[in-house]
Amino acid sequence: MILQGKLHAETPIYRGNARKTLFTRDGDGKHRLVSLAGEISGTAQSLMDAFIGQSRNGKNIGLLDQLWLRLYDLPMPKDLIARVDCQLQEESYPPDHLFDMRMGIKLDEDRWAAIANANYKMETIFRNSVFGISLAVDDSVLGKGQNRDRLYYLLRELQAGRFWFGAGKSKGLGRVRLEMDLPFSPSNKIPALNPHANHLQLSLTFDATNPVLVGWNWGKVDPAVPSFAAIEGRVLVGAMRDLPDPIRERLEMGLAGPILNPEDWKRKFAQYLPRVIAIWLRERSIGETDVWTLPAAALKKLGKGKWGLSKKILQRVEPLVGQSFPSQEAAKAACEKALEDKANMAGRIVKAMKRERRKSEELDTAAWREIAEGLGLDIALEESLAKRVGSEESLVKILTSACEKILPQLYQQVDQQVNLIQSDAWVDAEIKNRTEHLLIKKMLLQGEIDERQWGKTDQVPEGVSPATWREFVNDHRRVRYRHMKHPRNLGKSITNDENMIAFLEGHRDRARQELSQPYHVDFRAGGPSKREVSRKYGKPYDTVFMRMLSWAPSSREQGAWEIYIPGSTIKGAFRKRASQVLKTLWGESRRTNDVLDTLFGAQGQRGLVFFSDAYLTDPHDPERAWCSMDGVKMNPKTGCPVEEAKRDYLFAYGSRLAFRLRIDLMDVDERDTEALSVFLHMLQDFQRGDITLGGEKTSGFGWVEATIAQLVWLTASPAGVGERLFGKQSLSQDGIWQKLELEGQAAAGALQANPLALEQKQSPSTPPRARAGFISHRAFGGYCGMLEVEAEPLTPIHIRESGEPSHRTTLEGGPVNGWDFFAMAPPEAAQRGDDKVYALPSQSIKGMLRHLYTIASDSREHSADIARLNPVDSLFGWVGQGPDQAIMGRLSFTFGLFDEPQLAWFKVPYPYGEWRYAGDQWKQAADSSAAKMLVSKTWRVFPHAPLAPIVKQLAGFQPDTFQARYFRAIMPGSRARFTIRFWNLEKEELQRLMWCVALEPGLGHKMGNNRYLGFGSLRLRVLPGSYLIDWAKRYAGGQSWQLPIQVDEWIETGAIQHHTALRKALNVKQL
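Under the numbering used here, read the sequence shown as residues 784 to 1854, first letter to last.
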């Protein structure tokens, strides 16, 4: 019996070994065909995944064999499934037969930052791809005992999507679902199930109410690093997604090849575009068609003879003589209309018509509208084009003028693509390196490198760099020359290198095309006086959200980009939190390691928990709330922004951006009770917002609060571990399983974790330290907790919105912008609604307090390396030069959201340096520069002052001069709230932090723009909800683990350097 069906890739799939990047290809790899291995065979039998069979040593068996053994506690009968064939269907291949690239990094547990050269990449089959699968089943074996029933229920597991294939199963890869009409049914007797078999499936959701930014690995531009790649015209055209496919394909052919000068290429493109459109329109509009006409002689003949038509009827039809009709039906309809009450005679008249084949020159309006709507051309040109469709040159003339309006936007994408040549230099370096390796292998195959030369690093072949030759020889130093030259192996290696180069080049080009799209380009100022804010002066955001290619039938067969959070990111976040908690409670013990290995796996050991990727619940929702934020480093001595250090982020925010993920645990055993309890505590932390996903953690990103939407428990018996987990529950029969299904609050409430006790030997009273001497993130210790803070403006405060200005106009001197206050809003003004959420940006809060902490800790000396950090870098985080010279901070600041703030418009003319505040009043001194208050001649501080007389409050955006700034500020009396998480602080660090936040009575902070003129004074108040964490009670059950913070007890002026100068600079008595 042959069972045939489809296998749907519900997640991406990787099949290969840990040392390679490419998905394993069938045969010699030249055709780049892929499949899922049917039977274990070949040289990597002990490690490979296949549906059936076993390795020579018997330790690795097929996945269906494993599932059978797991379900029934019996080996699958020999030859029951004789053969499995699983080939990717043709329609799931992209044109180049190359797929998506999944990349990841490994974080150092002490620094909580990336480890150099520990990143990985792999080629994964698109999510939603479809494989054709066939199973050859032996009927004679199937008919024995309960084999038919057991095979039926085994395949039901695949149909339910409880089956994984390939690598990375616990990191979001390899889950598949079978679609198959089974030709047999089970008997009434359900086969006995392995009493230890069970499956817990959790469906979780979370939204971006707490902002999230899981950064994409691509688009990292380093101007100091040269690029090895030239860009091709084909790639530039491919990025212009508004071009209709027929136009794009012709332009790609006509403008392919390397680009020597981008401006010359733009001019060539401007000539090609209207001509290609004209040629395509004519092809669609001009051709031969059948027409039906009524000759005068034929009509006259109809009036003769015994059954001739009456004169009255002929007169009604006479106007149709000579007219052309595109079809017989159209001709008949016209006759019926002309004949009115004699419409039944229309058939005779149509029969008399003459059918002719004529050349048609009539504009295809559907084709024109497709072009016009895709490119944004004026649809009203249809009439002009219709009159001139017979002349290509006339069409080109009209279209050249029309295209002038859209060319600037297309040129922007060209410029972005060219700029992105400087991004991700690693991929160009790897392509160059592999190209040289490929050259060496071809020279070996052709006998151009002889045995005397092989293995000698000083005898470099022609055309190969000495460094590459040395690397190649060292990599193959154990391989003898005759083995190296083996034609079959060398041929496969050459093909693999060629495929790898094509894969790297293709994915690099796709990623750069995506990054150059307008929605990924920030707004920057340019033009005269840098007053025009537009994307044409911008660049791709420094960080955009993670995305992958997935199969979609409407994506030009190239794969569509889809937002997601990798399962490896989620698993890593859970493991990090579990490791920190257990090392805090139990120390660096075998018990800790055993529980972590049980939950998350180790080398050669499968983890208990499988994490899926997190996908958007509505990936095609056009109303997704993507927000932008700018981060600008300030010069501590001048108080001015360092423009070269500006970074911008495009992040997810709002309840409309919801993610879903799935967590699976299989065959939970009584021995796993302790590990499972730890996992349930981590699940509760995830629901509380204590497990962070993605990057920019210290700026408040990623602290999401998940919700358990559904719980499904499948077990062989309601007793045992299931009863321990859920108590006595009523289970229903579902196939071979006893099933418990809960949703919402019932699902969340069903999972109760056992307390975790602090071991007596452990004392988390001091922060853990790494071998290099810095305070580590590997466990919790010292002082940990959260400050809830309220911010109250004392003078109007303005922090400029990110992206383009919400208001703009043009005066005689040029464009004038009206800037709203920063809000959690999209960068494009047209996408912002009236319900803006105004906020103090987390990076502004962090920057303000970091500057103050720098002074209070006298951190004037730069950190030399990771082992010699100054106090502020140690607490707030630091990035140095060289590998492994970065550490994450031990503070995290959220956005300060305002509740119903009052706003007002202001006008600030410039320059304003001649105004100075002294002696409790503003004075104007001609030809003077702005006064600066420096603490210890090193750090600039803006003293508090009322608004300068030069500042004018307006009723709205009412610009009257080009020489001024116009903006909205949040007024005194408004309130914003934010939190500061802190962990592993020493006593003096917490004392200093508390002083920097709460200050002393009569002191205040400064933040935002135009601080010199009196804007931006505010007071911070630490709220009663602030607390320290008692780790001995944190996971012991109950709520007594939160220890309220008494602010006054932590204000210790002895810990504050430059205290006198700071009291003077921060004094708010003037207000």
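Glycine included, every Cβ here is placed at the ideal spot set by N, Cα and C.
Bear in mind the structure is a predicted one, so any value in this text is a computation, not a measurement.
Cβ-Cβ distance between residue i and residue j below 8 Å
i: S782; j: H1842; result: Examination of residue 782 is not possible in this model, given that the chain is present from 784 through 1854 alone.
i: S1068; j: V1172; result: yes
i: V959; j: E822; result: no
i: F1678; j: M1790; result: no
i: A1061; j: V1179; result: yes
i: F1676; j: K1706; result: no
i: I973; j: I1519; result: yes
i: G1616; j: S1411; result: no
i: H979; j: D1452; result: yes
i: S1625; j: G1483; result: yes
i: E1573; j: L1806; result: yes
i: E940; j: F948; result: no
Residue i - DSSP class collapsed to helix/strand/coil
i: D883; result: strand
i: A827; result: coil
i: C1410; result: strand
i: P1045; result: helix
i: L1514; result: coil
i: L857; result: coil
i: N1282; result: helix
i: T1183; result: helix
i: K1706; result: strand
i: T804; result: coil
i: A865; result: strand
Integer Cβ distance of residue i from residue j, believed to fall under 8 Å
i: G1660; j: T1481; result: 6 Å
i: T988; j: A1492; result: 5 Å
i: F1740; j: G1601; result: 4 Å
i: S1548; j: G1564; result: 7 Å
i: E1219; j: V1247; result: 6 Å
i: P1742; j: L1594; result: 6 Å
i: A1385; j: W1409; result: Their Cβ separation, rounded to whole angstroms, is 38 Å, which puts A1385 and W1409 out of contact at 8 Å.
i: A1612; j: S1589; result: 5 Å
i: G1274; j: T992; result: Contact doesn't hold; Cβ gap of about 56 Å is too wide.
Proximal residues to residue i (C-beta, below 6 Å), its chain only, five neighbours per side dropped
i: E962; result: G788 and K789
i: S1642; result: N1653, P1654 and V1655
i: L1141; result: Residue identity differs from the one stated: residue 1141 is Arg in this sequence, not Leu. Same-chain partners within the cutoff: V1074.
i: D1667; result: A899
Distance, residue j Cα to residue i Cα
i: E1697; j: R1748; result: 17 Å
i: L1448; j: D1211; result: 41 Å
i: D1703; j: M1754; result: 22 Å
i: I1204; j: G1002; result: 9 Å
i: I796; j: L956; result: 5 Å
i: N840; j: K954; result: 28 Å
i: E873; j: N1044; result: 39 Å
i: A827; j: E1571; result: 56 Å
i: W951; j: K1268; result: Looking at the sequence shown, residue 951 is not Trp but Gly. About 34 Å.
i: L1379; j: D891; result: 16 Å
i: E1032; j: E1644; result: 58 Å
i: E1783; j: G1532; result: 45 Å
i: R1263; j: P1610; result: 60 Å
i: L985; j: L1494; result: 5 Å
i: L1635; j: C1779; result: 6 Å
i: N1793; j: D1603; result: 14 Å
i: L976; j: G926; result: 19 Å
i: P1538; j: L1674; result: 28 Å
Beta-carbon contacts of residue i that lie in its chain and below 7 Å, excluding the five residues immediately before and after
i: E1035; result: R1017, V1020 and G1021
i: G1105; result: T1076
i: L1476; result: V995, V997, I1348, T1352, I1353, A1356, G1485 and V1487
i: V1851; result: L1577, H1727, G1785, L1786, G1787 and S1800
i: L1466; result: L1534
i: V924; result: P860, D862, L863 and N930
Any non-hydrogen atom of the ligand SAM closer than 7 Å to residue i Cβ
i: F1462; result: No copy of the ligand SAM appears in this structure; indeed no ligand is present at all.
Same chain only: Cβ atoms within 8 Å of residue i, ignoring 5 sequence neighbours per side
i: C1423; result: M1417
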